[in-house]
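Working notes, beginning with the structure itself.
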Amino acid sequence: MKLFAIFGNPVKHSKSPLMHNYALKNLKYNGCYTRILLEDGEKLKDEFLKLKLSGANITVPFKEDAYRLADEVRGVAKKIKAINTLVLEDGKLIGYNTDAGGFLKSISEFKKVKSVLILGAGGTAKAIATILKEEKFSVTLLNRSKNRLDYFKDSGINAYSWNEFKTQKFDLIVNTTSAGLDDDSLPAPKDILDEVLKNAKYAYDVIYKETAFLKLAKEHNLIVKNGLDMLLLQGVIAFDYFTKQKFKEKKIVKYMSKALKEF
Ligand code: NDP
Numbered sequence: 002m003k004l005f006a007i008f009g010n011p012v013k014h015s016k017s018p019l020m021h022n023y024a025l026k027n028l029k030y031n032g033c034y035t036r037i038l039l040e041d042g043e044k045l046k047d048e049f050l051k052l053k054l055s056g057a058n059i060t061v062p063f064k065e066d067a068y069r070l071a072d073e074v075r076g077v078a079k080k081i082k083a084i085n086t087l088v089l090e091d092g093k094l095i096g097y098n099t100d101a102g103g104f105l106k107s108i109s110e111f112k113k114v115k116s117v118l119i120l121g122a123g124g125t126a127k128a129i130a131t132i133l134k135e136e137k138f139s140v141t142l143l144n145r146s147k148n149r150l151d152y153f154k155d156s157g158i159n160a161y162s163w164n165e166f167k168t169q170k171f172d173l174i175v176n177t178t179s180a181g182l183d184d185d186s187l188p189a190p191k192d193i194l195d196e197v198l199k200n201a202k203y204a205y206d207v208i209y210k211e212t213a214f215l216k217l218a219k220e221h222n223l224i225v226k227n228g229l230d231m232l233l234l235q236g237v238i239a240f241d242y243f244t245k246q247k248f249k250e251k252k253i254v255k256y257m258s259k260a261l262k263e264f
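When the letters of the sequence shown are read in order and numbered with our numbering, they come out as residues 2 to 264.
In structure tokens:
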């Protein structure tokens, strides 16, 4: 039997064990997926090997540690410098970032999107901005403070703090901040949001529920989407790596989405 896990701190809330175990069981793959509360990111690789895992997901705050500790990093994760998926391949730990690909797949239903405004400049913003830039979208970023803008500026992305921002027209506005996670706060000042939402077509929030930001976007008659599909699709891509492309994507989506809906 193959063993998989998610490492994080906290990790209790993670829906990954539910999604992966339901897909493993229904696709009749001899595997099991557990959660591991890690105190020290430096110990990630040792724990992975000690537990004889075949693959793992990595969540907050260890995605950068995982990037450093992986034997090889593939795809867009090399630019993001953070990974959320580790796979054992010929004794080596191979790292991927499936948050980026999961997000990209989750906006495939949005048509004619050329320009995107990202709110926030944390780890999720990095993954999303980097994949969108790679896919040739015009990407702009707006963050509360200046502190974290350098990564984006160095990657050729126009990045502003609230004070510096001048309104432009964007097709899609994406909230990657945690504003609205546990309260009704907005991810940027309301006057800025009203201006950009007025001219946009779509609004997306990486948080898994209808936030104050999405409610405001609806008032502006935008098509809105929350982060559930991103959660689902990052898991689907990780599962595909774990099981070495053994199953059709449609089947993995079927079982993982069922797990998310039913439990
Ligand atoms: P980080 O802690 O790395 O980044 C947080 C960012 O949000 C910073 O730019 C910070 O600004 C900004 N911010 C925080 N609070 C506020 C606020 N009240 N108002 C305005 N800006 C704020 O977070 P992550 O990128 O790791 O995660 C962000 C969110 O994404 C979380 O809610 C997480 O649950 C969600 N997520 C969803 C996924 C999915 O699959 N759907 C996958 C991964 C994450 P500043 O720099 O000024 O401090």
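Think of the CB as a built atom: it goes at the ideal place given N, C-alpha and C, for glycine as much as any other residue.
Cβ-Cβ separation, residue j to residue i (assumed contact under 8 Å), whole Å
i	j	result
A24	M257	5 Å
L120	A189	6 Å
L223	K202	6 Å
K46	L70	4 Å
P62	N10	7 Å
V88	I81	Not a contact, Cβ separation roughly 17 Å.
F243	S55	7 Å
A83	G124	6 Å
N227	I208	6 Å
S162	L150	7 Å
T86	Y97	4 Å
A239	A218	Between A218 and A239 the Cβ distance is about 29 Å, and since that is not below 8 Å, they are no contact.
L118	V197	6 Å
Among the options, nearest to residue i - alpha-carbon criterion
i	options	result
S146	K170, S139, E135, T178	T178
K191	V237, T86, L215, A57	L215
V225	V237, L4, D206, T60	D206
Q92	K53, A122, K80	Here residue 92 is Gly; the residue named in the question, Gln, does not match the sequence. Ranking K53, A122, K80 by Cα distance to G92 puts K53 first.
L182	T141, E211, K255, V77	E211
K106	L118, E136, K262, F49	E136
D230	K16, E43, F8, M2	K16
G157	K3, L142, F166, F171	L142
R36	N58, L28, E220	N58
S139	F153, G42, L261	F153
K167	D155, N176, D185, L194	L194
L38	E90, D72, K13	K13
K170	K199, D155, A160, D185	K199
G42	E48, D66, L187, L28	D66
F49	L28, K79, E90, G76	E90
F8	E165, K64, S186	K64
N164	V175, K262, N148	N148
V175	A126, A160, G76	A126
K255	D155, K26, G76, K3	K26
The alpha helix (DSSP H) enclosing residue i, as first and last residue numbers
i	result
F49	45 to 51
I253	250 to 263
F153	151 to 155
I267	Since the first residue shown for the chain is 2 and the last is 264, residue 267 is missing from the structure and cannot be characterised.
A67	64 to 70
A78	78 to 81
S17	17 to 27
Check: residue i C-beta below 7 Å from any heavy atom of ligand 2
i	result
I208	In the structure on display, ligand 2 does not appear, and the ligands it does have are ligand 1.
Residue i, enclosing beta strand (DSSP E) - first and last residue
i	result
I37	32 to 38
L265	The structure shown does not extend to residue 265, since the chain is modelled only from 2 through 264, so no value can be given for it.
I95	93 to 97
L4	3 to 9
Would you say the region 91 to 104 touches the region 124 to 143, given that touching needs at least three Cβ pairs under 8 Å?
-> yes
Runs of beta strand (DSSP E) wholly within the region 189 to 248 (minimum 3 residues, chain order) = 203 to 206, 224 to 226
Are the region 29 to 45 and the region 3 to 21 touching, with three or more C-beta to C-beta distances below 8 Å?
-> The answer is yes - the region 3 to 21 touches the region 29 to 45, with three or more Cβ pairs under 8 Å.
What residue ranges within the region 99 to 127 form continuous alpha helix (DSSP H) runs of no fewer than 4 residues, ordered along the chain?
-> 99 to 107
In chain order, each alpha helix (DSSP H) run of at least 4 residues that lies wholly inside the region 128 to 181 = 151 to 155
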